[in-house]
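Asker: Protein chains in written order, with this note's numbering: chain C, 1186 to 1545; chain P, 31 to 156.
(1) Tell me, to the nearest whole angstrom, how far the beta carbon of residue 127 of chain P is from that of residue 79 of chain P; I am working on the premise that it is less than 8 Å.
(2) What separation, rounded to the nearest whole angstrom, lies between the Cα atoms of residue 1449 of chain C and residue 1413 of chain C?
(3) Alpha carbon to alpha carbon, what distance is there between residue 135 of chain P and residue 1447 of chain C?
(4) So residue 113 of chain P contacts chain C; which residues on that side make the cut at Cβ distance below 8 Å?
(5) Residues in its own chain within less than 6 Å of residue 1388 of chain C by CB, not counting five upstream and five downstream?
(6) Rounded to the nearest angstrom, how far is the Cβ of residue 1247 of chain C from that of residue 1257 of chain C, given a contact under 8 Å?
(7) On the three-state DSSP scale, how would you describe residue 1225 of chain C?
(8) Any beta carbon of chain C sitting closer than 8 Å to that of residue 143 of chain P?
(9) Just to make sure I have the definition right: I need the residues of chain C whose C-beta is within less than 9 Å of the C-beta of residue 125 of chain P. Which are they?
(10) Would residue 82 of chain P and residue 1479 of chain C qualify as a contact pair, given that the criterion is a beta-carbon distance under 8 Å?
(11) Would DSSP call residue 1525 of chain C helix, strand or coil?
(12) Quick test of the definition: if touching needs 3 or more C-beta pairs under 8 Å, does the stretch 1274 to 1284 of chain C touch the stretch 1368 to 1382 of chain C?
(13) Would you list, in chain order, the members of the stretch 1481 to 1504 of chain C that have their beta-carbon closer than 9 Å to a beta-carbon of chain P?
(14) Please classify residue 39 of chain P: does DSSP put it in a helix, a strand, or coil?
(15) Quick one: give me the first and last residue of the beta strand (DSSP E) that residue 65 of chain P is part of.
(16) Grouping DSSP H, G and I as helix and E and B as strand, with all else coil, what is residue 1495 of chain C?
(17) What did DSSP end up calling residue 1500 of chain C once you bin it into helix, strand or coil?
(18) Leaving out five residues before and five after residue 1289 of chain C in sequence, what residues of the same chain have Cβ atoms less than 6 Å from its Cβ?
(19) Going by alpha carbons, who is nearest to residue 1465 of chain C out of C/1274, C/1251 and C/1368?
(20) Could you spell out where the alpha helix (DSSP H) holding residue 1401 of chain C opens and where it closes?
(21) Please determine, among C/1302, C/1210 and C/1334, the residue with the shortest C-alpha to C-alpha distance to residue 1244 of chain C.
(22) Can you tell me the Cα-Cα spacing of residue 1342 of chain C and residue 1327 of chain C, whole angstroms?
(23) What residues of chain P sit near residue 1410 of chain C, judged by a beta carbon separation below 7 Å?
(24) Closest by CA to residue 1530 of chain C, which one among C/1187, C/1188, C/1415 and C/1193?
(25) When burial is assigned at 16 or more other CB atoms within 10 Å of the CB, is residue 1205 of chain C buried or exposed?
(26) Report the neighbours of residue 1223 of chain C on chain P: residues whose CB is nearer than 9 Å to its CB, in chain order.
(27) Using a Cβ-Cβ cutoff of 7 Å, what residues of the stretch 1431 to 1463 of chain C are near chain P? List them in chain order.
(28) Are any of the Cβ atoms in chain C nearer than 8 Å to that of residue 69 of chain P?
(29) Give the single residue among C/1542, C/1461 and C/1431 whose Cα lies nearest to the Cα of residue 1351 of chain C.
(30) For residue 1362 of chain C, which three-state DSSP category applies?
(31) Taking 8 Å as the CB-CB limit, is residue 137 of chain P close to chain C?
See the structure below:
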């Protein structure tokens, strides 16, 4: 047995985009145990139900995260709409789906860039973020904000996307697809990328299920689950199948997210092709929510869980958001065991951690 | 058109004494743990705890609901469901729910907040 010591990792570290602290128990260069701790940026957003009414909480929900902001707003709205029995106009459902998929695209592209930076391939990092800018431009053009859209409301959406902008989105999707095809080859074929990702941090489907992990992290281990199959927004009208891999290593997680970007491009094309011509974007909502609902949405990082409980007053009794990273931390700790110290940064990145989301 | 799954979600009200047994039964039935959360019901001065499990083959969500008095001690399910560790620490720290035998009890330091049980009963109510 080698010498054991504890190495504190984070909360500030070049490879960590957000603050999380992990105590690594190491034996020589091998990690024996990882003990995480969060709590550096807890904001108590859920407690704002005492001060903000259920309509205002849409904007609070959006501010849970700066990356998957739109989908937090959408998940919260869908939960309240279920409680109040509100049927959202079809065009609003399609618009929500379109923005949800651009959010997935830019989130995955952000992660792919960070991963490339993590294994020291700076040019690949720049290329991923360059392509991501095109998606952010679409979001700015259609919603007015690059990341925080504020287009959701209880009962529908606040903004429409005119036909000329839809045409621009289609043209941009063609460009992004062509540019990503080149980037994809580098990720999947380059020797140095494979050397850093293949066979590293393997988790089996059984481990994933036991640890409650979600999203691309779970799908990369062969767990075929995607909450979009529950049919919220316009997903019942979209043809797609969850992308999975059975390898369960860092390379598989990279593969799943990369292929999901291509899948999002396909979904966006389907959304635009099937977009209803109606002009209604929202229905009027009367009264206050009275009841409870468990809503599940597939965020870029996986299943997000929204529990909303109303008591007939404008202020909700409870709004709870369980973010994907919260569910993925136990899986991360298991994955870190018995790995080389030099791989820790990369392994943490491969769950695509979003600590701001997690701490809410 | 894509295949859409519309499972019938279940919300099962149970006594606190049945929590471990039902959690174990759901685990053995192939459900995986999804989340747990607490609600402080000020009007009744009670906690409402929900433990949600998912069947990933059918997408069915099965939630166990336990309603308890503020001073009731709840057994931890972490021995059966290790993934529940952060959820139980959160319920304990933010709401003041009394949970015993959490596998890794962070002693109200998950979120490092200065206020005691900020989502739970206010000092004058407790």
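For each residue, glycine too, the CB sits at the ideal point set by N, CA and C. Quick caveat: nothing in here was measured; it's all calculated off a predicted structure.
Answerer: Working from what's here:
(1) 7 Å
(2) 12 Å
(3) 42 Å
(4) 1395, 1396, 1397, 1512 and 1515
(5) 1406, 1433 and 1520
(6) 6 Å
(7) coil
(8) yes
(9) Ordered by position in chain C, no residue passes the 9 Å Cβ test against residue 125 of chain P, which lies about 10 Å from the chain.
(10) yes
(11) strand
(12) no
(13) 1481, 1488, 1490, 1492, 1494, 1496, 1502 and 1503
(14) coil
(15) 62 to 71
(16) strand
(17) coil
(18) 1449 and 1485
(19) C/1274
(20) 1400 to 1404
(21) C/1334
(22) 12 Å
(23) 86
(24) C/1193
(25) buried
(26) 116, 140, 141 and 142
(27) none
(28) yes
(29) C/1461
(30) helix
(31) no
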